[in-house]
Structure formats: structure tokens, C-alpha cells
Amino acid sequence: MPYHEFECSTCIPERKKHAVVKGPGETLADALPLGYLNTIPGTISERGCAYCGAKHVIGTPMKDVIHISHGPVGCTYDTWQTKRYISDNDNFQLKYTFATDVKEKHIVFGAEKLLKQNIIEAFKAHPDIKRMTIYQTCATALIGDDIDAIAQEVMEELPDVDIFVCNSPGFAGPSQSGGHHKINIAWIKNKVGTVEPEITSDYVINYVGEYNIQGDQEVMQDFFKRMGIQILSTFTGNGSYDDLRAMHKAHLNVLECARSAEYICNELRVKYGIPRLDIDGFGFEPLGNSLRKVGLFFGIEDRAQKIIDEETARWKPELDWYKARLTGKKVCLWPGGSKLWHWAHVIHDEMGLDVVSVYTKFGHQGDMEKGIARCEQGALAIDDPNELEGLEAMNRLQPDIIFTGKRPGEVAKKIRVPYLNAHAYHNGPWKGWEGWVRFARDIYNGIYSPIHELSKLDISKDEIPTDKGFKTARMISDADLPEAVRNDPNLRRYTGKYDMVAELRERTYPEFARQGAQEAAA
Amino acid sequence: MSDLKTERIEQMLDYIMKKCLWQFHSRAWDRRDQNQGILSKTTQLLCDEHVALETPADRCYWVDAVCLAEAFRERLPWLAGMSVPEIKDLMQGLHERLDYLTIDGSLNEELTDQMY
Numbered sequence: 001m002p003y004h005e006f007e008c009s010t011c012i013p014e015r016k017k018h019a020v021v022k023g024p025g026e027t028l029a030d031a032l033p034l035g036y037l038n039t040i041p042g043t044i045s046e047r048g049c050a051y052c053g054a055k056h057v058i059g060t061p062m063k064d065v066i067h068i069s070h071g072p073v074g075c076t077y078d079t080w081q082t083k084r085y086i087s088d089n090d091n092f093q094l095k096y097t098f099a100t101d102v103k104e105k106h107i108v109f110g111a112e113k114l115l116k117q118n119i120i121e122a123f124k125a126h127p128d129i130k131r132m133t134i135y136q137t138c139a140t141a142l143i144g145d146d147i148d149a150i151a152q153e154v155m156e157e158l159p160d161v162d163i164f165v166c167n168s169p170g171f172a173g174p175s176q177s178g179g180h181h182k183i184n185i186a187w188i189k190n191k192v193g194t195v196e197p198e199i200t201s202d203y204v205i206n207y208v209g210e211y212n213i214q215g216d217q218e219v220m221q222d223f224f225k226r227m228g229i230q231i232l233s234t235f236t237g238n239g240s241y242d243d244l245r246a247m248h249k250a251h252l253n254v255l256e257c258a259r260s261a262e263y264i265c266n267e268l269r270v271k272y273g274i275p276r277l278d279i280d281g282f283g284f285e286p287l288g289n290s291l292r293k294v295g296l297f298f299g300i301e302d303r304a305q306k307i308i309d310e311e312t313a314r315w316k317p318e319l320d321w322y323k324a325r326l327t328g329k330k331v332c333l334w335p336g337g338s339k340l341w342h343w344a345h346v347i348h349d350e351m352g353l354d355v356v357s358v359y360t361k362f363g364h365q366g367d368m369e370k371g372i373a374r375c376e377q378g379a380l381a382i383d384d385p386n387e388l389e390g391l392e393a394m395n396r397l398q399p400d401i402i403f404t405g406k407r408p409g410e411v412a413k414k415i416r417v418p419y420l421n422a423h424a425y426h427n428g429p430w431k432g433w434e435g436w437v438r439f440a441r442d443i444y445n446g447i448y449s450p451i452h453e454l455s456k457l458d459i460s461k462d463e464i465p466t467d468k469g470f471k472t473a474r475m476i477s478d479a480d481l482p483e484a485v486r487n488d489p490n491l492r493r494y495t496g497k498y499d500m501v502a503e504l505r506e507r508t509y510p511e512f513a514r515q516g517a518q519e520a521a522a
Numbered sequence: 001m002s003d004l005k006t007e008r009i010e011q012m013l014d015y016i017m018k019k020c021l022w023q024f025h026s027r028a029w030d031r032r033d034q035n036q037g038i039l040s041k042t043t044q045l046l047c048d049e050h051v052a053l054e055t056p057a058d059r060c061y062w063v064d065a066v067c068l069a070e071a072f073r074e075r076l077p078w079l080a081g082m083s084v085p086e087i088k089d090l091m092q093g094l095h096e097r098l099d100y101l102t103i104d105g106s107l108n109e110e111l112t113d114q115m116y
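Here's what the structure looks like:
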């Protein structure tokens with residue numbers, strides 16, 4: 001696996017050890033990109049900061065909480081539009097965002113008084129919300145405001161409120177990943193074990209590292225409820241603050257995004273003896289295996305199998321319609337962290353896509369190990385790329401589409417490469433069987449969008465054909481398909497609804513008798 | 001090691017690397033526990049031996065072992081023709097190779113961090 005040097009980065013020799021090509025017969029022990037290091041001076045990284053990782057990735061998906069940034073108002077930018085972690089309480093945590101609006105005078109004279117005034121004002125403005133998280137920022141960390149002391153003061157004055165303080169300023173790590181770590185550890189240290197939950201099932205899990213992007217958590221919750229499993233807490237998408245204080249009472253931690261949340265699982269394992277089971281919620285086979293594993297752990301694998309059979313029968317013909325039209329299309333899989341390995345193998349196996357490159361902005365070497373192990377030979381693996389490297393890679397690899405974030409995605413568009421938003425999705429949720437078909441549909445619509453045909457023409461030099469009509473996506477995608485596939489009666493396009501999450505919220509679930517009750521009756 | 005044994009180990013390894021996540025925990029000691037816990041139980045299952053499930057951690061290893069043993073049986077038809085000592089020898093070789101790739105020969109510099 002030779003290291004790959006970008007032409008645009010020859011002036012930054014340290015970058016050479018951050019990219020490798022997966023060669024034939026080579027292993028992870030031959031070459032592995034460096035990762036989770038401070039950004040090299042001279043390279044313009046696309047990473048977020050440690051404050052962003054703590055607040056905008058992990059903290060804010062908690063739904064019944066006032067999330068307040070103690071710092072300049074700009075730090076709290078990511079709410080509507082940039083984040084799509086919805087919730088079933090009318091998206092309170094997305095609709096309202098709070099900052100203490102620290103100005104120059106506060107930097108000079110201190111901002112603790114301002115913080116206290118903001119906390120009380122926010123609780124008064126939202127009398128139904130009794131929980132708050134406060135996030136330190138670079139400015140207030142540097143001036144040394146004692147946020148914990150102020151929070152304690154308020155909790156003494158307002159005994160019905162509870163406040164969590166996260167001290168993770170932007171500079172507290174090389175990237176947002178540093179913030180993931182800090183908030184994981186702060187939560188288990190300060191909040192887990194402070195609420196005793198009501199246990200309603202024999203099978204109790206924490207669902208960890210799941211952020212309810214466009215409803216992913218609610219899709220998975222539906223499966224677990226159909227299996228009679230109690231989700232004690234979700235860390236943190238659509239999760240409730242007090243449920244997360246009770247994480248210590250679960251029987252099993254089901255871990256989805258190990259990159260952002262393995263820390264709390266590891267600590268729960270050490271401190272409370274709760275085992276950690278890593279799962280994949282994306283793709284038919286990985287999701288089926290994951291539910292089966294959870295079922296096996298509790299001895300209820302038959303319930304998992306029932307779901308797998310029903311969902312596969314319902315959605316496989318639709319996935320295969322897209323697979324027939326996506327096979328052989330080249331993809332740059334360029335997400336932030338975990339989707340690099342959640343998707344690398346399964347979009348190849350189940351949708352026929354060829355992953356020509358994987359990258360991670362803030363992943364660690366462990367994420368690269370997983371991603372490289374799962375992608376096919378020849379793929380270019382890049383750690384923390386800069387914009388020029390991204391452009392060079394796209395020009396060399398000529399992908400049909402890239403899956404990435406908004407910033408690099410907009411860059412890709414400029415060179416006529418369509419992109420899907422790997423962080424916030426296009427028309428998600430993308431988890432679950434139906435969600436996976438929605439993902440395939442979004443990929444299909446991205447690759448075959450008629451607008452890309454038009455955008456490839458340069459009106460300053462190309463001849464614009466006026467004798468040809470507009471081509472629909474179907475005309476483009478089916479042009480070279482064999483007749484038998486094009487009109488296969490067993491395949492069909494996505495037939496689900498525009499909003500698949502609303503129905504899940506109305507669903508009722510079977511009652512499963514508890515073992516204790518059965519034993520008493522016997 | 002014979003070519004055939006090496007080839008078979010590589011086939012098993014290919015499945016683990018592509019489809020599993022348990023071998024990539026973030027610290028060396030953790031990976032060693034995972035590899036040992038899951039592969040030893042997989043070996044017991046493939047050899048129709050008793051698997052001890054005394055702790056929640058045991059049960060967690062066993063869950064991954066059940067899935068792995070099933071996948072091996074389904075995808076590797078030559079397993080059915082092997083004797084118990086042959087399976088144990090093969091699984092031992094797989095364990096050593098996996099330990100090398102994920103721990104002893106790994107280039108992951110975080111594996112030896114003392115803290116999570």
C-alpha cells in the first residue's frame with residue numbers, strides 16, 4: 001500500500017503520510033495514513049473544532065434541553081439548515097438556539113455575570129424546559145470563566161432545573177473529534193447515575209452514537225420496539241436528558257458510531273460492566289445481522305428474524321431497481337468519520353457502486369483501518385484532505401458522484417461532480433431497509449439528474465444543441481440497460497412516502513410478557 | 001505453513017475484515033481481548049463444543065461468534081470436511097494472523113495510549 005503524494009501538496013511533505021492507495025496483496029500492516037493529528041501549517045483543513053464536535057455533533061441532538069453557548073454569537077451558528085437531527089418534540093433543540101453573546105467588554109471584565117443572566121432568562125422564556133447544557137468556547141475558556149460555579153449557583157436558586165457543563169473550547173483537540181471525547185467523558189463523569197429509570201422490559205439497551213439524522217434513530221427505535229426491547233436512552237439523537245442520566249441501568253450498549261461515542265461505551269463497560277456491541281445500521285445485510293446480534297444477546301433472535309424477513313421482502317425489489325442502474329458507477333466516499341466504514345463495503349455489495357476513494361476529515365487511524373479493510377483494491381484513502389487535494393483526486397479519479405459534507409460538496413459541483421450530503425442527508429432517513437432504498441434513490445437522482453447533463457456544457461465555448469429534447473433521468477439511466485432489466489416486472493422504484501417518519505410516531509407496538517411476570521404466574 | 005492453510009486463513013480473514021467491526025476496538029489490550037473472546041468461542045462453536053456464557057461480556061463475545069461461525073459455514077464449504085483438530089489448528093492460525101494485522105503489526109499509533 002504505497003503512500004500517495006498529491007502534486008498540489010509537494011510543498012507540504014508532511015502530507016505524504018496522510019494518503020495511501022490500497023494495493024493488491026497489501027495489508028493494513030504495510031501502510032496506514034496518519035490521523036487525528038494537528039492540522040499541518042500551510043494546508044487548509046476542512047475540519048471543525050473541538051467545540052463544534054462537543055456541541056453541534058453530540059450535545060445538541062438531545063431534545064428536551066436548552067443548549068447554550070457561552071461565547072460570541074457566531075459560535076452557535078449550526079442549527080436549522082446545517083444540522084438535521086430532528087426530534088419528536090417538535091424539534092425544540094433545532095428551533096431554538098442560545099448564545100450569551102460575549103463581546104469585547106466581557107473579555108476585559110469577565111462574562112460570568114452575563115452567563116448567569118442568560119441562563120435565568122432562557123429558563124424564564126421556556127418555562128416547560130428544565131434542563132440545560134452549557135458549552136464553553138475559546139473566548140470564555142481563555143478568560144477563565146468558571147462555568148461550573150455559575151451553573152451550581154443557578155441550580156441552587158432554581159431547584160427544579162439541572163445543568164450540564166461541557167468544557168470543550170475550540171482548541172481542545174486537533175478537530176471536532178477532540179470535542180466528542182470531552183463531552184463523552186464529561187457526561188459519564190457528571191451525569192450518568194443521577195437518575196434511576198423505570199425498567200419496562202426484560203431487554204434494556206442504550207443506543208449509543210446515533211444522532212437521528214432526518215429520523216434515523218426513530219427508524220431503529222421502531223425495530224427495537226417491535227422486538228420488545230426498551231431503549232433506556234439514545235446517545236444522543238432524539239434522546240432525553242434525564243434518560244441519558246440513567247444509562248447505567250442498561251443491560252447492553254448498542255454502539256453505532258464508534259468514532260464519536262465509543263468513549264462512553266468503554267467507560268460504561270469499565271464502571272458498570274455493561275458490554276459494548278458494535279453494529280451497522282446501514283444496508284440490508286449489515287442491519288439484519290445487527291438486529292440479529294442484539295436479538296441473540298437477549299435470546300429473542302426469532303423476533304429479529306421476523307423483522308428481517310418482512311422488511312427484506314418489502315424493500316429488496318426496490319433496492320434492486322436502483323442497483324441495476326447504479327452498478328459500476330464510481331464514488332468518492334468522503335464523509336467526516338464513521339460513514340467511511342459504515343458504507344465502504346455495503347454500497348459496493350448492495351448497490352453495485354465502486355468506491356474509488358475514501359477519506360475522513362476527523363477520523364482516527366482506527367477509522368482508516370476499518371475503511372481500508374472494507375473498500376476494494378485500488379481505492380485512494382486520504383486523511384484530513386485540503387480543498388486542492390480533493391480537487392486533484394476528483395480530476396484523477398473521475399467519480400460519478402461524491403458523498404461528503406456541504407463545503408467540499410459545493411467545491412465538487414464546480415467541477416460538475418454531483419454530491420450527496422453524507423452528514424445531514426438529502427431525503428433521509430437512510431437507515432433501515434426503507435431508508436437504504438431512499439439513499440439509493442438519492443444516489444440515482446444525483447447521478448442521473450438532467451441538470452448535470454446541461455451543466456457539462458460550457459456556454460462560452462461549447463455548441464449548444466437546439467435540435468435535441470430534454471432527457472429525463474430515466475432516459476439517461478436506462479439507455480444502455482438490457483431490455484430484460486429495463487422492464488423487469490420484479491423490480492420497482494421507491495414507493496414509500498415523502499415523510500416516512502411521521503407514521504412511525506403514530507405506531508403502536510405489541511406487548512411482550514415479561515419473564516418475571518411469567519415466572520410468577522407459573 | 002502450507003499454501004492451502006494460508007489460503008483458507010486469508011478467506012476467513014477477508015470475511016472478518018470486510019464484514020465485522022469487533023476486531024477494531026481502539027486499544028491494543030481491548031483488541032486482544034476481543035480477538036481472543038470471539039475467536040475462541042467461534043472455534044468452540046465450529047467444533048460443537050460447550051461455550052461458557054457466565055458473564056454479560058461472555059454473552060457479547062458469543063453473539064459475534066455465532067454470527068461468524070454461521071458465516072464461515074455458509075461461505076466456506078471446505079470447513080464441513082475438516083476434523084476437530086484441523087479446525088482448531090486453522091483457527092489458531094487465523095487468530096495469530098488477526099492479532100498480527102490488528103495489534104502486533106498494526107501501524108495505528110493510538111493502540112498503545114494508556115487512556116481511552
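Line by line, the protein sequences give chains H and Z.
Using the UniProt record's numbering, the letters of the first sequence map in sequence onto residues 1 to 522.
Using the UniProt record's numbering, the letters of the second sequence map in sequence onto residues 1 to 116.
Positions of the beta carbon are idealized from the N, C-alpha and C atoms, including for glycine.
Please read these numbers as outputs of a predicted model, since none were measured by experiment.
1) Hey, is the stretch 164-181 of chain H in contact with the stretch 38-55 of chain H, meaning 3+ C-beta pairs nearer than 8 Å?
2) Quick one: list the residues of chain H neighbouring C60(Z), beta-carbon separation under 8 Å, in chain order.
3) Within 10 angstroms of the Cβ of A125(H), are there 16 or more other Cβ atoms? Answer buried if so, exposed if not.
4) So, is N487(H) buried or exposed, given that buried needs 16 or more other C-beta atoms within 10 angstroms?
5) Taking G23(H) as the query, report the chain Z residues whose CB atoms sit under 8 Å from its CB, ordered along the chain.
6) Mind checking whether I213(H) and Y85(H) have CB atoms under 7 Å apart?
7) Can you tell which of W341(H), L37(H) and D243(H) has the C-alpha that lies nearest to the C-alpha of M17(Z)?
8) Looking only at its own chain, which residues have a Cβ that is under 7 Å from the Cβ of F297(H), when we skip the five neighbours before and after it?
9) Do D202(H) and Q515(H) have their CB atoms nearer than 7 Å?
10) Give me the residue from E506(H), D30(H) and L388(H) with the minimum Cα distance to A373(H).
11) Of the residues R407(H), S357(H) and F403(H), which one's Cα is nearest the Cα of I377(H)?
12) With 7 Å as the limit, tell me which residues of the stretch 349-377 of chain H have their beta carbon closer than that to any beta carbon of chain Z; keep them in chain order.
13) Hey, does G93(Z) have any beta-carbon neighbour from chain H nearer than 7 Å?
14) Flag T140(H) as yes if its beta-carbon sits less than 7 Å from any beta-carbon of chain Z, otherwise no.
15) Identify the contact partners of G81(Z) in chain H, using a Cβ-Cβ distance below 7 Å as the criterion.
16) In terms of residues, what are the limits of the beta strand (DSSP E) holding D278(H)?
17) Can you have a look at T236(H) and say buried or exposed, based on whether 16 or more other CB atoms are within 10 angstroms of its CB?
18) Of all the residues that make up the stretch 36-61 of chain Z, which are near chain H by a beta-carbon distance shorter than 7 Å?
19) Of all the residues that make up the stretch 31-54 of chain H, which are near chain Z by a beta-carbon distance shorter than 8 Å?
20) Which residue or residues does DSSP assign as beta-bridge partners of Q230(H)?
21) With distance defined between alpha-carbon atoms, name the residue in K113(H), V411(H) and H67(H) nearest to L391(H).
22) Can you pull the DSSP bridge partners for S131(H)?
23) In angstroms, rounded to a whole number, what distance separates the CA positions of T100(H) and A139(H)?
24) Looking only at C-alpha atoms, which of K461(H), H56(H), R259(H) and L457(H) sits nearest to K339(H)?
25) Leaving out the 5 sequence neighbours to the left and right, which residues in its chain are closer than 6 Å to T76(H) when beta-carbon positions are compared?
26) I need the boundaries of the alpha helix (DSSP H) containing K116(H), first residue and last residue.
27) Tell me where the alpha helix (DSSP H) around Q46(Z) begins and ends.
Working from what's here:
1) yes
2) L252, P275, R276, L277 and F297
3) exposed
4) exposed
5) None at all; the shortest Cβ gap to chain Z is about 15 Å.
6) yes
7) W341(H)
8) L252 and L277
9) yes
10) D30(H)
11) The sequence shown places Gln at residue 377(H), not Ile. Per the Cα distances, S357(H).
12) H364, Q365, G366, E369, K370, A373 and R374
13) no
14) no
15) Under the 7 Å cutoff, chain H gives no residues; its nearest Cβ is about 26 Å from G81(Z).
16) R276 to D278
17) buried
18) P56, A57, R59 and C60
19) A31, L32, L34 and Y36
20) V204(H)
21) V411(H)
22) Looking at the sequence provided, one finds Arg at residue 131(H) rather than Ser. DSSP lists D162(H) as partners of R131(H).
23) 12 Å
24) R259(H)
25) S69, T97 and A99
26) E112 to A125
27) For the record, residue 46(Z) in the displayed sequence is Leu; it is not Gln. First-last of the alpha helix (DSSP H) with L46(Z): A28 to L46.
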